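Residue numbering for the sequence shown follows the working numbering, beginning at 7 and increasing consecutively. No residue lacks a Cβ here, since even glycine has one placed at the ideal position from N, Cα and C. All values derive from a computational prediction rather than experimental measurement. These notes concern the structure reproduced below.
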Amino acid sequence: MIPSFVKPYLWFNDLEKIDPQKNKNRIILNVLNLGSKQATDWLFDIYSTQTIKKVIKNYGAKGELSDKSLNYWTLVLNIDKTKLIKSRF
Numbered sequence: 007m008i009p010s011f012v013k014p015y016l017w018f019n020d021l022e023k024i025d026p027q028k029n030k031n032r033i034i035l036n037v038l039n040l041g042s043k044q045a046t047d048w049l050f051d052i053y054s055t056q057t058i059k060k061v062i063k064n065y066g067a068k069g070e071l072s073d074k075s076l077n078y079w080t081l082v083l084n085i086d087k088t089k090l091i092k093s094r095f
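As structure tokens, then:
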């Protein structure tokens, strides 16, 4: 179940039907991009750091994270920006 303090950062049709595993990419990206300290702390309790890093590497540079969030999380998590999968646009 998604806690009430995380729900404002998610825009699913039915928040009661969110599957934390099936929807993990969207949950991780939204909370990293928009979330409060409390929400990001919850995120790191629910998902492994490796999972979060993988999502950032696969989707962060494709416009899923703002430039500011992408810079912040790559620094915090020590992610080499040259390893990010970039958009094909």
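Item	Value
Secondary structure of residue 50, DSSP reduced to three states	helix
Backbone secondary structure at residue 14 - three-state DSSP	helix
For residue 58 and residue 25, the rounded distance between their alpha carbons	16 Å
Contact set for residue 54: own chain, Cβ-Cβ below 8 Å, skip 5 residues either direction	none
Boundaries (first-last residue) of the alpha helix (DSSP H) holding residue 35	30-40
Exposure label - residue 17; buried when at least 16 CB within 10 Å	exposed
Among 73, 70, 20, 64, nearest to residue 91 - alpha-carbon criterion	64
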